[in-house]
Amino acid sequence: MHKGLHKVLEIRHLAKSTFSIRIERNDLKFIAGQCVNIGLPNTGVNREYSSYSGENEADLRFLIREVEDGQVSPKLKTLKPGDFVEVDGSYGLFTLVSPHDLTRNYVFIATGTGIAPFHCFVKSYPKIKYKIIHGTARVEEGYDKNDYVSGSYVQCVSQEKGVNGEFSGRVTSYLQQNPQSKDSIYYLCGNRNMINDVYDILREQDVSGSNIITEVFF
Ligand SMILES: Cc1cc2nc3c(=O)[nH]c(=O)nc-3n(C[C@H](O)[C@H](O)[C@H](O)COP(=O)(O)OP(=O)(O)OC[C@H]3O[C@@H](n4cnc5c(N)ncnc54)[C@H](O)[C@@H]3O)c2cc1C
Numbered sequence: 203m204h205k206g207l208h209k210v211l212e213i214r215h216l217a218k219s220t221f222s223i224r225i226e227r228n229d230l231k232f233i234a235g236q237c238v239n240i241g242l243p244n245t246g247v248n249r250e251y252s253s254y255s256g257e258n259e260a261d262l263r264f265l266i267r268e269v270e271d272g273q274v275s276p277k278l279k280t281l282k283p284g285d286f287v288e289v290d291g292s293y294g295l296f297t298l299v300s301p302h303d304l305t306r307n308y309v310f311i312a313t314g315t316g317i318a319p320f321h322c323f324v325k326s327y328p329k330i331k332y333k334i335i336h337g338t339a340r341v342e343e344g345y346d347k348n349d350y351v352s353g354s355y356v357q358c359v360s361q362e363k364g365v366n367g368e369f370s371g372r373v374t375s376y377l378q379q380n381p382q383s384k385d386s387i388y389y390l391c392g393n394r395n396m397i398n399d400v401y402d403i404l405r406e407q408d409v410s411g412s413n414i415i416t417e418v419f420f
């Protein structure tokens, strides 16, 4: 298992509490959808973060929400290029079932930074057929939405009015108003309540439980 210090190359502030961090890869290997542990050097404290960058990118990127009073995420937000973070990994089974079978339709459903593994899927396997349904509180949280194939990204904004045709409301309302195909494969990532609610809605829409794959961030 890889463990080592990685130099910070860039921090992008994408929304009030969300930033993206780019660090040197140092030969770390991972499968799209997996996460690593990241912490400040010599603190003995780390947290899991899913790769935001694709399997074949030169550097590693992560999409991180700063949790108020959190132990790790606020410290990561203050990093500057040239600083170091401790990384170990990679871990996890939240990977695509058959990324090279282009007949499959994937539906990726996320809240907040739960979109990170989906960005990684799309960057790693640009030919897959997918739709992303992304729940955010605010419009500004449609992180890097131009990275997705036109028409494949739906943003559901719950705490303000949309400005560019975003769906007004939560992902659960979107799914109730737009029933989904039982033949797609569903990946759900984000907070536990959303995942439980979306799971129930998809099951009511005749999606088999074996076609729903989940990753709980918190
Ligand atoms: C497999 C896995 C992958 C993950 N990948 C990512 C990722 O790519 N990006 C990312 O931002 N986070 C990700 N997380 C969450 C991350 O590991 C931390 O839990 C988060 O950064 C908070 O750590 P902290 O030390 O700042 O807060 P802590 O001191 O651990 O405080 C934790 C508190 O914050 C809450 N919390 C945790 N995450 C959030 C959140 N996003 N929004 C609101 N409250 C939250 C917890 O419920 C808890 O109450 C992932 C978690 C798992 C299990």
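For the sequence shown, position 200 (counting from the first letter as 1) is numbered 402 according to our numbering, and the numbering increases by one without interruption.
Don't be surprised by glycine CBs; every beta carbon is placed ideally from N, CA and C.
Under 8 Å between C-beta atoms of residue i and residue j
{"i": "Leu230", "j": "Pro283", "result": "no"}
{"i": "Phe296", "j": "Gly235", "result": "yes"}
{"i": "Glu226", "j": "Asn239", "result": "no"}
{"i": "Ala312", "j": "Cys391", "result": "yes"}
{"i": "Ile330", "j": "Phe320", "result": "no"}
{"i": "Ser360", "j": "Lys333", "result": "no"}
{"i": "Ser352", "j": "Glu257", "result": "no"}
{"i": "His204", "j": "Phe286", "result": "no"}
Which of helix, strand or coil DSSP assigns to residue i
{"i": "Leu278", "result": "helix"}
{"i": "Gly392", "result": "strand"}
{"i": "His321", "result": "helix"}
{"i": "Val238", "result": "strand"}
{"i": "Thr220", "result": "strand"}
{"i": "Thr297", "result": "coil"}
{"i": "Arg306", "result": "coil"}
{"i": "Ser412", "result": "helix"}
{"i": "Gly291", "result": "strand"}
{"i": "Glu406", "result": "helix"}
{"i": "Ser386", "result": "coil"}
Any non-hydrogen atom of ligand 1 closer than 7 Å to residue i Cβ
{"i": "Phe264", "result": "yes"}
{"i": "Tyr251", "result": "yes"}
{"i": "Ser222", "result": "no"}
{"i": "Gly235", "result": "no"}
{"i": "Gln378", "result": "no"}
{"i": "Pro276", "result": "yes"}
{"i": "Arg340", "result": "no"}
Identity of the residues DSSP links to residue i by a beta bridge
{"i": "Arg263", "result": "Arg224"}
{"i": "Glu417", "result": "Cys391"}
{"i": "Thr313", "result": "Gly337"}
{"i": "Ile213", "result": "Ile223"}
Suppose only complete runs of 3+ residues qualify. What are the beta strand (DSSP E) ranges in the segment 336-378, listed by chain order? 355-359
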